[in-house]
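From first to last, the protein sequence lines are chains A and B. The working numbering numbers the first residue of the first sequence as -8 and each following residue consecutively. The working numbering numbers the first residue of the second sequence as 13 and each following residue consecutively. For reference, the structure discussed in these notes is given below.
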Amino acid sequence: MSQLHVLTVEDDPAAADEIINELREHGLTVDWVDNGPEGMMRAMSGQYAAITLDRMLPGVDGLTILKAIRALGLQTPVLMLSALGDVDERICGLRAGGDDYLTKPFDPGELAARIEVMLRRVSQKPTAQETRLKAGPLEIDLLSRAVTRDGREIELQPTEYRVLEFMMRHAGQAITRTMLFEAVWGYHFNPGTNLINVHVARLRKKIDLPGTQALIQTVRGSGYMLG
Amino acid sequence: MVVDNAQSSSQPPNLGTRWHTTTFRWLFAYAGMFAISLVILIGFVDTAASNTTNRDADVVIHWQLIYFDSIPDGQLEEAIHRRLENDRMHTNFYGLFTSDGRHIAGDILTLPRDLSPDGTGRTWKHPLGIVENQGVPVFRVMGERRKDGTQLVVARDLTHVLKIREAVVSTVIGGGLLTLAIGIVGGLMLSMRQMRRVRAIRQVIGRIAQGDLHQRLPVGGRDEIDLLVHLVNHMLDEVERLMGEVKYACDGIAHDLRTPLAHVRSLLGRIAAYSIATNNDVATRMVAEARVETDTLLERFGAMLRISQIEALQRRGGFATVNLDVLVQELGGLFEPLSETKRIEWVVRSVPAVTIHGDRALLFEAFVNLIDNAIKFAPEGGQVRVELSRTGRGPRLDIVDNGPGIPIDERDAVLKRFYRGDQARQVRGGGLGLSIVSAVLRVHDFTLHIDDARPGARLTVECWPHSLA
């Protein structure tokens, strides 16, 4: 597998350093530029697998870059990073064509997890309409919402089903609690570690029967991984 | 015992209606005083006028009696006839009667019965049995007993004088009423104008109280109110500038501290990975502890910034119709597993179709904080109830636990930043949760009451606007 190149447009060297280190740990190659105009030129080349884009940049601001590359028809996934401030900025960034949004300062693990999810989304373009998801011994039927492990049916509550579905769609990827909360409940704040943990614990209890291999792993720090 | 939300320690006074009634009350008091003085004035004019006419008539009659006194008894009849003939205007009347009251001469045909013949004037309002009696008979009458025993009566018609007097009085009354009417209308118009200005000022102040500090009071009028308006506007400029500076400083501090902290946290992560790789157990444990502490710090900074963000939120910006019952069901599902881990009895009661105008995400965040607290403070195997109900004024949400409760004197303080009660010291948490709740409710103009649930705490969110909206 060829090295995936990620473009990081970030004017704060310390933050950039953090991003670069974290993404390198995940086996990604990072190109860093610290100003808007250069970021714009690189982004327009279309040669990157993903871009992390700071909202405020010297020269040209992040939103302008995002709008410009979307106007060129480039579908490169973009993770917007914003300094603190407006709550509305998230909506603004997503509306301009951003794929995801993080408020600074962020947990580098959170950033890496989100980049991975974005890369995966691009590599496996939805093949027609999926009706079944499979991850190891687990399988769910998206139409009937039936969940089976090794062919044995598992009864899940609606919330548990949604948590599992999200995890299976991102099987093999680290998923942070915040991502899970955003995807399943649709809210963008930190609800506290415990609240999400107990939901996952419940799901684990149902899908991991005694004597079988645990399917949901806890990832150091902030999240989980299925498979 | 009820403790109000930190936003205002008491209900804002309803200045509107009270102000109206004050103006009108003053206006009517002035009108009443004017009317009373008008009545007194008319009384004075009337009394003075009748005194004058009576005195004038008495003088005339008195001199006539003196004149007749000088006439010998035998010629009196003749003198009366002459006098009557000369009196072209026919304002004087005369009557001569015998001592037993029989008519002898003159055009007064009957002797007024209760007239004392002592030379004092009386005003009579009934016909005196006068020849060619016409019009309104008001007379001034005076009688006298002559030496030969006959009685002489002289009367003077006051009708014309009275007419003039009536004209004067009715002019005074009419003028007074006109002045009163003009006064009331003018006063109303003036006070309406002031009231309109005050209403405009009140609306703007309402918006400012709701957090829109960019608003300024309307100027114009060049009077005392205008002077105050200019002063208040100047003060608002200062307040806005200062608040901007404070917010900038707070955000700056939080941001400046948060960024290096985040760096420390990620460095700790890398050290942890390194110490795990080198099998250094002691270092691994210590680094893990350090990470927990940095997480706590980051969480607090996060919450602080979140409060600033919520407070800076342009009011009503992201507001839409929110189904509270749906929100409550969502909360029920979200917290059910957490309450189960503490074997807490988790009760969610709701009524269907409760809608309000608000920011769904912010309200959810606030309620999550409240319920999270309730579950934290409820004992193992305790109970937490979330109840949505409808009241006459709007929906209310009750969150009740059977934990230690919140002492009365701490109820105000818990809504302030960083406050943690004695009971809370054993429980993990930043102490900022309720401040976030406070900020969210302030944006919505809702209030939070803290009551005793005996045992435990009952937190009531009243989901309707409370200030002068």
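We put the beta carbon where it would ideally sit given N, CA and C, even for glycine. The structure presented is a predicted model; accordingly, all values stated were derived computationally and were not measured.
Residue i at chain B interface by Cβ criterion, 9 Å
i                 : result
Gly27 (chain A)   : no
Trp176 (chain A)  : yes
Arg211 (chain A)  : yes
Thr150 (chain A)  : yes
Gly214 (chain A)  : no
Pro4 (chain A)    : no
Glu121 (chain A)  : no
Thr169 (chain A)  : no
Leu(-2) (chain A) : no
Phe97 (chain A)   : yes
Glu13 (chain A)   : yes
Gly127 (chain A)  : no
Gly100 (chain A)  : yes
Glu9 (chain A)    : yes
Ser(-7) (chain A) : For Ser(-7) (chain A), the pLDDT reaches just 48, beneath the cut-off of 50, and the residue's location in the model is therefore unreliable, leaving the point undetermined.
Gly76 (chain A)   : Reliability fails at Gly76 (chain A), whose pLDDT of 49 lies under 50, so the model's placement of it is uncertain and no value is given.
CA nearest to the CA of residue i, picked from the options
i                : options                                   : result
Asn63 (chain B)  : B:Leu170, B:Thr103, B:Leu243 and B:Cys262 : B:Leu170
Ala300 (chain B) : B:Gly233, B:Ser287 and B:Leu269           : B:Ser287
Glu348 (chain B) : A:Val189, A:Arg112 and A:Arg211           : A:Val189
Ala34 (chain A)  : A:Pro68, A:Val108, A:Phe97 and A:Arg111   : A:Pro68
Ser447 (chain B) : B:Lys175, B:Asn381 and B:Val334           : B:Asn381
Thr167 (chain A) : A:Asp132, A:Gly177 and A:Ile187           : A:Ile187
Ile420 (chain B) : B:Pro407, B:Gln395, B:Gly468 and B:Ile383 : B:Gly468
Thr271 (chain B) : A:His17, A:Ala74 and A:Asp52              : A:Ala74
Local Cβ density within 10 Å of residue i, reported as buried at 16 or more and exposed below that
i                : result
Gln163 (chain B) : buried
Gln164 (chain A) : buried
Tyr92 (chain A)  : buried
Gly186 (chain B) : exposed
Ala62 (chain A)  : exposed
His242 (chain B) : exposed
Pro124 (chain B) : buried
Met548 (chain B) : What is shown of chain B runs 13 to 481, which leaves residue 548 (chain B) out entirely.
Val14 (chain B)  : Model confidence at Val14 (chain B) stands at a pLDDT of 40, short of 50, so the residue's coordinates are unreliable and nothing is read from them.
Leu102 (chain A) : buried
Thr333 (chain B) : exposed
Met32 (chain A)  : exposed
Pro84 (chain B)  : exposed
Thr459 (chain B) : buried
Phe105 (chain B) : buried
Thr122 (chain A) : exposed
Leu53 (chain B)  : exposed
Arg114 (chain B) : exposed
Gly183 (chain A) : buried
9 Å Cβ cutoff, residue i in contact with chain A
i                : result
Phe382 (chain B) : This sequence places Leu at residue 382 (chain B); Phe is not what is there. No, its Cβ sits nowhere closer than 9 Å to a Cβ of chain A.
Gly44 (chain B)  : no
Ala302 (chain B) : no
Gly281 (chain B) : yes
Leu471 (chain B) : no
Asn17 (chain B)  : Model confidence at Asn17 (chain B) stands at a pLDDT of 42, short of 50, so the residue's coordinates are unreliable and nothing is read from them.
Arg234 (chain B) : no
His275 (chain B) : yes
Glu474 (chain B) : no
Ala285 (chain B) : yes
Ser5 (chain B)   : The structure shown has nothing for residue 5 (chain B), since chain B only spans 13 to 481.
Glu323 (chain B) : no
Ser278 (chain B) : yes
Glu311 (chain B) : yes
heavy atom of the ligand SAH below 8 Å from residue i C-beta
i                : result
Ala300 (chain B) : Among the components modelled here there is no ligand, and therefore nothing to report on the ligand SAH.
Contact with chain C by residue i, beta-carbon distance below 9 Å
i                : result
Gly314 (chain B) : Structure shown: chain C not included; protein chains present are A and B.
Inset, instruction - For the stretch 161 to 202 of chain A, list the alpha helix (DSSP H) runs that are entirely contained and at least 4 residues long, ordered along the chain. - result: 168 to 176 and 184 to 198
Legend entry - Near-chain A residues of the stretch 329 to 359 of chain B (beta-carbon distance less than 8 Å), N- to C-terminal order: Gly329, Gly330, Glu342, Gly345, Leu346, Phe347, Pro349, Leu350, Glu352 and Thr353
Inset, instruction - Determine which residues of the stretch 384 to 408 of chain B have a Cβ less than 8 Å from any Cβ of chain A, and write them out in chain order. - result: Asp384
Legend entry - Proximal residues, the stretch 30 to 45 of chain A versus chain B, C-beta separation under 9 Å: none
Legend entry - Members of the stretch 179 to 207 of chain A near chain B, C-beta cut-off 8 Å: His179, Phe180, Asn181, Pro182, Gly183, Asn185, Leu186, Val189, His190, Ala192 and Arg193
Inset, instruction - At 3 residues or longer, and completely inside the stretch 393 to 420 of chain B: list those beta strand (DSSP E) runs for me, N to C. - result: 395 to 402 and 407 to 413
Legend entry - Completely contained alpha helix (DSSP H) runs for the stretch 351 to 395 of chain B, where each covers 4 or more residues: 372 to 389
Legend entry - Sequence ranges, beta strand (DSSP E) only - wholly within the stretch 148 to 206 of chain B, length at least 3: 151 to 157 and 163 to 169
Inset, instruction - Quick one: which residues of the stretch 367 to 380 of chain B get their C-beta closer than 7 Å to a C-beta of chain A? List them in chain order. - result: Ala373, Phe376, Glu377 and Val380
Inset, instruction - Can you give me, in chain order, the residues of the stretch 200 to 230 of chain B that have a beta carbon less than 7 Å from any beta carbon in chain A? - result: none
Inset, instruction - Let me know the beta strand (DSSP E) ranges lying completely inside the stretch 26 to 98 of chain A, each 3 residues or longer, listed in chain order. - result: 41 to 45, 69 to 73 and 91 to 94
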